[in-house]
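S.K.: Numbering (the numbering used here), first residue to last: 3 to 338.
1. What three-state label does DSSP hand residue 309 in the structure shown?
2. State the start and end residues of the unbroken beta strand (DSSP E) segment that holds residue 238.
3. Any idea if residue 21 is buried or exposed, counting beta-carbon neighbours within 10 angstroms, 16 or more meaning buried?
4. Can you tell me where the beta strand (DSSP E) holding residue 165 begins and where it ends?
5. Can you round the beta-carbon distance between residue 325 and residue 297 to whole angstroms, since I take them to be within the 8 Å contact cut?
6. Can you confirm whether the stretch 150 to 170 touches the stretch 209 to 229 when touching is taken to mean that 3 or more C-beta pairs between the two stretches lie within less than 8 Å?
7. Which of helix, strand or coil does DSSP assign to residue 278?
8. Once the 5 residues before and after residue 18 are set aside, which same chain residues still bring their CB inside 8 Å of it?
9. Does the contact criterion of 3 or more C-beta pairs under 8 Å hold for the stretch 291 to 310 versus the stretch 119 to 129?
10. Below 7 Å CB to CB, which residues in the same chain sit around residue 140 once its five sequence neighbours on both sides are set aside?
11. CB residue 331 to CB residue 63, shorter than 9 Å?
12. Considering residue 82, what are the terminal residues of the beta strand (DSSP E) in which it resides?
13. Is it the case that the Cβ atoms of residue 79 and residue 92 are separated by a distance below 9 Å?
14. Whose CA, out of 308, 15 and 107, lies closest to the CA of residue 83?
15. In angstroms with no decimal places, state the Cα-to-Cα distance between residue 271 and residue 186.
16. What's the call for residue 220, buried or exposed, on a 16-neighbour Cβ count within 10 Å?
17. On a CA-only basis, which of 100, 67, 81 and 184 is nearest residue 116? Give me that one, please.
18. Could you check what DSSP says for residue 221 in three-state terms: helix, strand or coil?
19. For residue 97, which of 86, 103 and 90 has the nearest alpha-carbon?
20. Pull up the DSSP beta-bridge partners for residue 56, would you.
21. Decide if residue 119 is buried, meaning its Cβ has at least 16 other Cβ atoms within 10 Å, or exposed.
22. Assign residue 56 to one of two classes, buried (16 or more other C-beta atoms within 10 Å of its C-beta) or exposed (fewer than that).
23. Residue range of the alpha helix (DSSP H) that residue 251 falls in?
24. Going by C-alpha distance, which of 322, 41 and 65 is nearest residue 112?
25. Have a look at residue 8 and residue 285 and give me their C-alpha separation to the nearest angstrom.
26. Kindly confirm or deny that the stretch 307 to 327 and the stretch 31 to 38 touch, where touching means at least three C-beta pairs closer than 8 Å.
27. Helix, strand or coil for residue 123, going by three-state DSSP, please let me know.
28. Just confirm the distance between the C-beta atoms of residue 222 and residue 263, as a whole number of angstroms; I'd bet it's less than 8 Å.
29. What does DSSP give as the partner residues of residue 314 in its beta bridges?
30. Among all the DSSP beta bridges, which residues are the ones paired with residue 263?
31. Determine the closest residue to residue 146 out of 102, 309 and 323, with distance taken between C-alpha atoms.
In structure tokens, the structure reads:
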């Protein structure tokens, strides 16, 4: 039922994936699965008689953050009301404090793309030729300032059940060692070009005794790859473990609100896995199934706390025309 067979590109470009699973006018995809009732069920995971911990799942941005292609993050400081110590290459607005109350202040100026760091990709992030989610076409979507539909301004805030599938912990416990590597500082990770198999996902679910995936869940995969981010940024961008088409079709079959990982590209990017294709998992998940993809998640704190089921919350960065949201999600849980 689940394999790596390529989809018929000609048929998809002609509209074979439209209408999508939620009807011809849908713009939300599997976010439709997160009803108020499902949100209430997610909140019922919490035992309010015990301490509740909130985990930030976002990475910390910094100048030069490793990013694909021409994506970048650059920040400089704006100072007002005093003279900063030299050398200072930021911006100074006014040399003295303002008003009788002698106001001084700090601000930042940021140049970035939304599709960088911790992010959730929209349904229109990837297409097949001119065809995008639910039969929308690129020439009809594209504007100089962004996209005319499917942008983050129309996304709802999300509260749902989150599940952490810890493939790194599985491999550290069971091996084999050739599937593992480590950072220059000795922190473990799945190997640079490791493909996470369907059997890996099933074994991790069984090992953790996770409940069956349900529609509307946020299913997150831990690989350890984020540990390369600061220690070995060039290596971080050059590779990355992840699932491929067979696994993504299996994940999509449970109609999750989103799937995500602690890698920058979610899916396996090794040429030995993908051959001459590019981001087929993105096309299938976003276009065919309407499932958003979260990337660059910080999942180590959850794993270290022994948390693998939690309340997943996300409030999107609402920007007209944006194809992704950089506002980080959070996980809320009791700790063991």
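C-beta atoms are modelled at their ideal positions from N, C-alpha and C, and glycine is treated no differently.
M.R.: From the atom records:
1. coil
2. Careful: residue 238 lies outside any beta strand (DSSP E), inside the alpha helix (DSSP H) at 235 to 240.
3. exposed
4. 160 to 168 is the span of the beta strand (DSSP E), which, as asked, contains residue 165.
5. With a Cβ gap of about 13 Å, residue 325 and residue 297 do not count as contacting.
6. yes
7. In the displayed model, residue 278 falls within coil according to three-state DSSP, outside both helix and strand.
8. Counting only residues of its own chain and dropping the five nearest sequence neighbours on each side, residue 18 has a CB closer than 8 Å to the CB of 10.
9. yes
10. 129, 132 and 134
11. no
12. Residue 82 -> beta strand (DSSP E) spans 75 to 82.
13. Contact flag set, yes.
14. 107
15. 22 Å
16. Burial check for residue 220: the Cβ neighbour count within 10 Å reaches 16 or more, so the residue is buried.
17. 67
18. In this structure, residue 221 counts as strand in the three-state DSSP scheme.
19. 86
20. 334
21. Residue 119 is buried by the Cβ-count criterion.
22. Exposed.
23. 247 to 254
24. 65
25. 11 Å
26. no
27. strand
28. 7 Å
29. 162 and 333
30. 223
31. 323
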